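Working notes for the structure below.
Residue numbers (full-length UniProt numbering): 1 to 224.
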């Protein structure tokens, strides 16, 4: 039996990858350096915007159709997402406190942000694992792969090209070589040739090592 469509896996791997990198940076940053701190805060704020948008895409395109077939599950997911949205607001307030702190107070404010962000990462890791381990098998029972791919297609179509490029830049390095090639073959099946060439030759090259990119290009060529 062939593998079913992985609705959650690729984007979740990218979110885990970016969240973990930022957690490490928040714990090791020199908060006495205003320039480095400002760059890190900007990166964190941007990542949280991406994470919030990911939830909103699921809420707009997946949860409504899921509710028609499994209303209790959709309600549970909405509850989890509401808690995440509240956490984003709490983190925004802590980020603002770091930015407003005078030099002597910034390390303490940053440590409070670091601890609250670590809790968010822990909760988000558990949430994403639950979606993949528990929700996705139910979705496979309720929807065909074509239906799941159509939902995913509507989500992708709603994302501006520059935001999609950023998403791919964290998703591709987080995947195994096999996952990466499979994912891009699926993308290539539905994307215009020029758009796929941009992903393969520019975005993938910029976010992968030279060796990994060469392997990816070779595997895509073999499958062509």
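The beta-carbon is built from N, C-alpha and C at its ideal position, and this holds for glycine as well. Since we're looking at a predicted model, the values are computed, not measured.
Terminal residues of the alpha helix (DSSP H) in which residue 75 lies: 71-100
In three-state DSSP terms, what is residue 104? coil
Would you mind reading off the limits of the alpha helix (DSSP H) that contains residue 7? Run containing residue 7: none; DSSP gives neither H nor E here.
Pair every Cβ in the region 202-209 with every Cβ in the region 51-58, then say whether three or more of these pairs are closer than 8 Å. no
Selected residue, minimal CA-CA separation from residue 80, among 107, 125, 41, 47: 125
How about residue 225 and residue 102: do their beta carbons lie closer than 8 Å? With the chain represented from 1 up to 224, any question about residue 225 goes unanswered, as that position is not in the structure.
Tell me which residues share the same chain as residue 152 and place their Cβ nearer than 7 Å to its Cβ, disregarding the 5 neighbours each side in the sequence. 7
Look at residue 19 and residue 187 and say whether their C-beta atoms are less than 8 Å apart. no
Collapsed DSSP secondary structure at residue 201 in the structure displayed: helix
Own chain residues within Cβ distance below 7 Å of residue 45, not counting five before or after: 95
Kindly indicate which three-state DSSP category residue 207 falls into: helix, strand or coil? helix
Given residue 69, which residues of its chain have a CB within under 6 Å of its CB, disregarding the five upstream and five downstream residues? 142
By DSSP, does residue 186 sit in helix, in strand, or in coil? helix
Straight-line CA distance for residue 33 to residue 27? 14 Å
Cβ-Cβ distance between residue 116 and residue 92 below 8 Å: no
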